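Trainee: Numbering (UniProt numbering) for the sequence shown: 1 to 501.
Heads up, the beta-carbon is just placed ideally off N, CA and C, and yes, glycines get one too.
These numbers were taken from a predicted model, which means no experiment stands behind them.
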Amino acid sequence: MPPSQNVQGIKVAKFLKGANMKYWTKLNGCLSATRSFGSAAKQYDLAVIGGGPGGYTTAIKAAQYGLKVACIDRRKTLGGTCLNVGCIPSKALLTTSHNLQVAVEGVKGVGIQGASLKHEEMMSNKERIIKALDTGIKGLFKKNGVDFISGHGTLVSPNEIQIEGGEKVSAKNIVIATGSEVATFPGDAIKVDGKRIITSDEALSLQEVPKTMVVIGGGAIGLEMASVWKRLGADVTIVEYADALCAAMDCDVSVAIKKFMEKQGVNVNVGTKVLGGEAKEDCAVVVAEKDGNKVELKGDVVLLAMGRRPYTHKLGLEELGIKTERGFIVVDDKLQVPNHPSISAIGDAIAGPMLAHKAEEDGSVALGHILNKDLGHVNWDHVPMVIYTHPEVAGVGKTEQALKASGVEYKKASFPFAANSRSRIAAETEGFVKILADKDNKILGGWIVGPHASELVGQLTLMMACGMTTVDVSKVCFAHPTVSEAIKEACMAVHHKATHF
């Protein structure tokens, strides 16, 4: 066929470049590229496997430093778990469900009341947000000259990646940023069917509000999904194996979370071991054990929210002798694979907090070593964590129980939002700011339950990263009235000098 021949009204132009061949179709005035054919591998300075927060930001930053970059992802969309089935859609549903709850119960101070749920519109709004952000990332790729390749990538050498479908990519350096996937129940005691027994992936797209829901797992995912579906009308029960919800957070925070979840009508069972469960035609049944007694819980839907595990299978790791521990890729302090320095791994694929923002910082560290530049480092004590319930929960640094266990001498103090003017104005007085400091007043940890905790924890993280003491913070001028004043007051309270409490 000649290069300019018309076929069924579509003009096909043939472009040849070396041993590779691309076909472009012109339809409705738009050009779209299909997969390249030919055996020669595309050459890059850096290839990133994974287009989530760690992967796509690393790709963009590398391109900004002049590298020729490709980003490979098994999805057709970018953003990884975070954008597609994680952080973003869950926060969209949390925001919508909270707004509905406020409208139904009445806007405080005004008395406006009355609203009903349009389920399809809520889900459509979530999808619009996802699409807009995916389009935005792809626009950033185009702006910075990053090639996006959709398809599963497998390592075939320290410098080559085979893409499912035949294409091969060659790169001087490779960053593995494949993220994580939902952790399922050990063994075959509970099998996910996607209808009665689901994971967080399905919980974000339920077509109707279940009458009853059993959530297995009292961590961030479980609490957020329990909050969404409780607000929308479901009768929700949480089952947690540990003796506290969010046991990784500060002990006072865990106590507060349990109290406000129960206050909101969620049934909470801590110290309860799930033995198994099964999906039936009209419900799902969970068998658990508490204090030596077996209990049976039924729900229209059972949600498995037991955390996540690294997505590192089918990458060709074993063939290259790349070691893993519990699925996490073993790396050195440069985030490089010890026996293959051309390969780095970041984010949920390696040990550490499985958080989007930590993955992004990992990417900067890995890229810094590739470029031989100082692009930062990751201090796990300075990685904030947030749970977007209402009130919000956030923290950074050490917990009180960790300090006790280590024998470190510490001071502590809390300041309640009930004593904060802005919180009073907004009628959001539940919660507190808690500060932990060493004997020299250096801040070791900060924990927040209350309004805008997700935003306030950034201030605490910056204070800790800069090595500020509680005395330093006490001397800073905070705007009034703001909820951030609670941080200053909590730091002052460490020295028994809080003004408003």
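Unbroken alpha helix (DSSP H) runs of length 4 or more, entirely within the segment 174 to 211: which are they?
Mentor: Segments of the alpha helix (DSSP H) lying fully in the segment 174 to 211: 200 to 203.
Trainee: Distance, Cα to Cα, S90 vs C477?
Mentor: Taking the straight line from one Cα to the other gives about 35 Å.
Trainee: Measuring CA to CA, which of A103, K126, E121, M123 is closest to A115?
Mentor: Nearest of A103, K126, E121, M123 to A115, Cα basis: A103.
Trainee: Starting from T469, follow its DSSP beta bridges and name the residues at the other end.
Mentor: For T469, which the question treats as bridged, DSSP gives the partners K442.
Trainee: Just the C-alpha distance for K273 and T178, rounded to the nearest angstrom, thanks.
Mentor: Approximately 31 Å between the Cα atoms of the pair.
Trainee: Round the Cβ separation of V146 and A59 to the nearest angstrom and send it over; I've been treating them as touching at under 8 Å.
Mentor: V146 to A59, Cβ: 5 Å. Contact.
Trainee: I'd like the list of long-range same chain contacts for P481, defined as Cβ closer than 8 Å, with 5 residues on each side in sequence excluded.
Mentor: Within the same chain, P481 has close Cβ partners N420, S421, R422, I425.
Trainee: Would F501 and F415 qualify as a contact pair, given that the criterion is a beta-carbon distance under 9 Å?
Mentor: Taking 9 Å as the Cβ cut-off, F501 and F415 qualify as a contacting pair.
Trainee: Pairs of beta-carbons, one from the segment 440 to 455 and one from the segment 388 to 395, closer than 8 Å: are there three or more?
Mentor: The segment 440 to 455 vs the segment 388 to 395: in contact.
Trainee: The beta strand (DSSP E) with S254 in it runs from where to where?
Mentor: First-last for S254: 251 to 263, but that is the alpha helix (DSSP H), not the beta strand (DSSP E).
Trainee: Could you have a look at S170 and say whether DSSP puts it in helix, strand or coil?
Mentor: Strand, per DSSP.
Trainee: So is Q336 buried or exposed if we call it buried at 16+ other beta carbons inside 10 Å?
Mentor: Classification for Q336: buried.
Trainee: Per the contact definition of three or more C-beta pairs closer than 8 Å, is the segment 56 to 74 in contact with the segment 296 to 305?
Mentor: In short, these stretches do not touch, since the Cβ pair count stays below three.
Trainee: Once the 5 residues before and after M261 are set aside, which same chain residues still bring their CB inside 6 Å of it?
Mentor: Here the set comprises V268.
Trainee: Do you know how far the Cα of I49 is from the Cα of V386?
Mentor: Distance between the alpha carbons of V386 and I49: 27 Å.
Trainee: Taking the continuous alpha helix (DSSP H) assigned at N159, which residues delimit it?
Mentor: Segment: none, N159 is in no alpha helix (DSSP H) and carries neither H nor E.
Trainee: Compare the C-beta of G467 with all C-beta atoms of chain E and state if any pair is closer than 9 Å.
Mentor: Given the protein chain composition of this structure (a single chain), no chain E is represented.
Trainee: Should L462 go down as buried or exposed, given a rule of 16 or more other Cβ atoms within 10 Å for buried?
Mentor: Label assigned to L462: exposed.
Trainee: Counting along the chain, where does the beta strand (DSSP E) carrying V239 start and finish?
Mentor: Element bounds for V239: 235 to 239.
Trainee: What is the residue span of the beta strand (DSSP E) that residue 538 lies within?
Mentor: The chain is shown from 1 up to 501; residue 538 falls before or after that span and cannot be answered.
Trainee: Identify the continuous beta strand (DSSP E) that holds C477 and give its terminal residues.
Mentor: C477 -> no beta strand (DSSP E), and no H or E assigned at all.
Trainee: Do L460 and P384 have their C-beta atoms within less than 9 Å of each other?
Mentor: Their beta carbons are under 9 Å apart, which means L460 touches P384 by this criterion.
Trainee: Am I right that C417 and T399 are in contact with their C-beta atoms under 8 Å? What's the rounded C-beta distance?
Mentor: Note that residue 417 is Phe in the sequence shown, not Cys. F417 to T399, Cβ: 20 Å. No contact.
Trainee: Report the rounded CA-to-CA distance for A493 versus M213, giving the unit in angstroms.
Mentor: Using only the alpha carbons, I get a separation of about 42 Å.
Trainee: Closer than 8 Å by C-beta to D440: which residues in its own chain qualify, once you throw out the five before and the five after it? Chain order, please.
Mentor: Counting only Cβ-Cβ distances below 8 Å, and skipping sequence neighbours, we find T469.
Trainee: Let me confirm a value: S124 is counted as buried when at least 16 other C-beta atoms fall within 10 Å, else exposed. Which label applies?
Mentor: The residue is exposed, with fewer than 16 neighbouring Cβ atoms inside 10 Å.
Trainee: Looking only at its chain, what residues have a beta carbon closer than 7 Å to the beta carbon of L444, apart from the 5 residues adjacent to it on each side?
Mentor: Excluding positions up to five away in sequence, the list reads G397, K398, L403, Y410, L436, A437, D438.
Trainee: Following the continuous alpha helix (DSSP H) through S150, name the residue where it begins and the one where it ends.
Mentor: Premise fails: S150 lies in the beta strand (DSSP E), 147 to 150, not in any alpha helix (DSSP H).
Trainee: Under a three-way DSSP split, which group does G38 fall into?
Mentor: With a pLDDT of 43 at G38, under the threshold of 50, the modelled position of that residue is not reliable, and no figure is offered here.
Trainee: Terminal residues of the continuous alpha helix (DSSP H) containing S116?
Mentor: Here S116 belongs to no alpha helix (DSSP H), and DSSP marks it neither H nor E.
Trainee: In three-state terms, what does DSSP make of T135?
Mentor: T135 falls in the helix class under three-state DSSP.
Trainee: Our contact map puts G80 next to G106 with C-beta atoms below 8 Å; I'd like the distance itself, whole angstroms only.
Mentor: About 39 Å separates the two Cβ atoms, so there is no contact after all.
Trainee: Quick one, which of K434, D45, G458 has its alpha-carbon nearest E489's?
Mentor: Minimum Cα distance to E489 is reached at K434.
Trainee: Taking just the CA atoms, how far does K168 sit from A288?
Mentor: The alpha-carbon atoms of A288 and K168 are separated by roughly 49 Å.
Trainee: D45 to A171, Cα distance in whole Å?
Mentor: Straight-line Cα distance between these residues: approximately 5 Å.
Trainee: For residue 518 and S157, I'd like the C-alpha separation in whole angstroms.
Mentor: The chain is shown from 1 up to 501; residue 518 falls before or after that span and cannot be answered.
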